[in-house]
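Enquirer: My questions all concern the structure below.
Protein chains: 2
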Amino acid sequence: MKEDRRDYSKGELKLSDLQGDPLDILQEWVNKAKSNELDPTAFVLSTSVDGQPNSRVVLLKEIRDGELVFFTNYNSSKGRELAQNPKVSLNFFFPSDERQIRILGTAAKVSESESDDYFYSRPYESQIGAVVSDQSATLESRASLDDAYEAALKLEQNPKRPENWGGYAITPFQIEFWQGRPSRLHDRFQFSLIEGNWEVKRLYP
Amino acid sequence: MKEDRRDYSKGELKLSDLQGDPLDILQEWVNKAKSNELDPTAFVLSTSVDGQPNSRVVLLKEIRDGELVFFTNYNSSKGRELAQNPKVSLNFFFPSDERQIRILGTAAKVSESESDDYFYSRPYESQIGAVVSDQSATLESRASLDDAYEAALKLEQNPKRPENWGGYAITPFQIEFWQGRPSRLHDRFQFSLIEGNWEVKRLYP
């Protein structure tokens, strides 16, 4: 394990590569990752309550109005933690492109109509999955979940979005773009939102 | 982006698959990931200061004595944040195996001799990289970093480990193993350290 390392040599990152809105650059990096990552929209979302961080993978569903949108069960661990503290960090890692994006921001629930729109666009089976899962609660047996799912499949032809299921929009105030380089001398550029404008600086690797 | 989803169907996870020490299971999952992930030892480390989480990718270097070890610059953002609050979360994501491991724990510096041992085992160029990088500080230009690196390559035949470079060992108190399943009905098992013993329960997906 100690010997598991590789030199990153696929690219370099210059300030001239990062012109424009950092969320547009993020969208470009995600689009690029679609050619070689299985889950190009996956990112690690971290919350924090009483000084204890907590992290899980979620899928980015949209970038709009300068915000990043994902959906979940509001009663899940992340939902309960966000209700206590909306401050979050995000990490996108694209090993094939040897790239990483680090974000700091704040999460807020989206409107019910936005949650509706996305919920009803999901595959029917995923809608049923959301209806039957009491996310993050203790589950006594897999069989009881499977039974509830099979029963709901028969009963609910047009499942309604559960009230505790919906979206969050993350407003970022810091975004770092990281490109791996040989000998651990990586290229890092950090955007910070200062009085409404994005300012950028290069960081030591 | 909203349509970017896939059904996870590679495997299922049963309690009988998770017998023994959860850190041994973690080691098995990392070993398995070596066959199809570019960075199988990579995980997202999240810290938190004043309620603001912060996340970045680091490489796991060893599992020993019930702890997970990685190395960094103690003056980096993560080092400064860990000095203020040692509580951390970790996330390993293996898209090929459709698996995720989520960990909560506490970080502490390893001994100087352990940091020495690892530092001097690294490739010479990485040692020099560590010597010349004032990690996370603002860097005025790539050229100044490259110049310092080239100069150090000539000067330092046997670089000394910088005093501000070394390891952390993370002691976990909660470890979740996650296996993706169809229709978002994933298998999740959470180990919690209770009075010195690991207890495990299944969670709703």
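Chains U and V are the protein sequences, given in the same order.
So the mapping is simple: the working numbering equals the position in the first sequence, first residue as 1, plus 247.
So the mapping is simple: the working numbering equals the position in the second sequence, first residue as 1, plus 247.
We put the CB at the ideal spot given by N, CA and C, even for glycine.
Because the structure is a prediction, the values reported are computed rather than measured.
1. Could you check what DSSP says for D434 of chain U in three-state terms: helix, strand or coil?
2. Taking just the CA atoms, how far does E387 of chain V sit from G313 of chain U?
3. Thinking just about the alpha-carbon of each residue, which of U:V316, U:R408, U:I375 and U:P406 is nearest to the one in L392 of chain U?
4. May I have a chain-ordered list of the beta strand (DSSP E) segments no shorter than 3 residues that lie completely inside the region 332–391 of chain U?
5. May I have a chain-ordered list of the beta strand (DSSP E) segments no shorter than 3 residues that lie completely inside the region 298–337 of chain V?
6. Under DSSP, the alpha helix (DSSP H) around N278 of chain U begins and ends at which residues?
7. Within the continuous beta strand (DSSP E) that includes L450 of chain U, where are the two ends?
8. Less than 8 Å between C-beta atoms, sequence neighbours within five positions excluded: which residues of the same chain meet that for E353 of chain U?
9. Are the C-beta atoms of A416 of chain U and some chain V residue less than 9 Å apart?
10. Beta carbon of T385 of chain V, beta carbon of L450 of chain U: below 9 Å?
11. Does the region 395–402 of chain V come close enough to the region 356–366 of chain U to have 3 or more Cβ pairs within less than 8 Å?
12. In terms of residue numbering, what span does the beta strand (DSSP E) encompassing P419 of chain V cover?
13. Measure the alpha-carbon distance for Y365 of chain V versus Y415 of chain V and round it to whole angstroms.
14. For G326 of chain V, count the other beta carbons within 10 Å of its own beta carbon; 16 or more makes it buried, fewer makes it exposed. Which is it?
15. Could you please tell me which residues of the region 377–391 of chain V, in chain order, have their CB closer than 9 Å to any CB of chain U?
16. Would L270 of chain V and I441 of chain V be called neighbours here (beta carbons separated by less than 9 Å)?
17. How would you label L262 of chain V, buried or exposed, when you count the other beta carbons within 10 angstroms and need 16 or more for buried?
18. Could you tell me which chain U residues have their CB closer than 8 Å to the CB of G298 of chain V, listed as they occur along the chain?
19. Going by DSSP, what residues sit across from A399 of chain V in a beta bridge?
20. Rank V:Q347, V:S324, V:L307 and V:Q382 by C-alpha distance to the C-alpha of K249 of chain U and give the top, closest one.
Expert: If we stick to the structure as given:
1. Per DSSP, reduced to three states, the secondary structure at D434 of chain U is strand.
2. If you take the alpha carbons of G313 of chain U and E387 of chain V, they lie about 28 Å apart.
3. Checked all of U:V316, U:R408, U:I375 and U:P406; the closest Cα to L392 of chain U is U:I375.
4. Entirely contained in the region 332–391 of chain U, the beta strand (DSSP E) runs reaching 3 residues are, in chain order, 334–341 and 346–356.
5. Runs of the beta strand (DSSP E) inside the region 298–337 of chain V: 299–306, 309–311 and 314–320.
6. Element bounds for N278 of chain U: P269 to A280.
7. Start and end: N444 to L450.
8. First, the amino acid is wrong: residue 353 of chain U is Thr here, not Glu. Hits under 8 Å: P333, K334, V335, I417, T418 and F420.
9. No, because no Cβ of chain V sits closer than 9 Å to the Cβ of A416 of chain U.
10. A contact, by the Cβ cut-off of 9 Å.
11. Fewer than three pairs of CB atoms, one per stretch, sit closer than 8 Å, so the region 395–402 of chain V makes no contact with the region 356–366 of chain U.
12. In the DSSP assignment, P419 of chain V falls within the unbroken beta strand (DSSP E) covering W412 to Q426.
13. About 12 Å.
14. When all chains shown are included, G326 of chain V counts as buried.
15. If the cut-off is 9 Å between Cβ atoms, the region 377–391 of chain V has A377, V379, S380, D381, Q382, S383, A384, T385, L386, E387, S388 and R389 near chain U.
16. Cβ atoms of L270 of chain V and I441 of chain V: not closer than 9 Å.
17. L262 of chain V should be labelled exposed.
18. Against G298 of chain V, the close residues of chain U are S295, G298, N332 and K334, in the order they occur along the chain (beta-carbon pairs closer than 8 Å).
19. A399 of chain V is not bridged by DSSP to any residue.
20. Minimum Cα-Cα distance from K249 of chain U among the listed residues V:Q347, V:S324, V:L307 and V:Q382 corresponds to V:L307.
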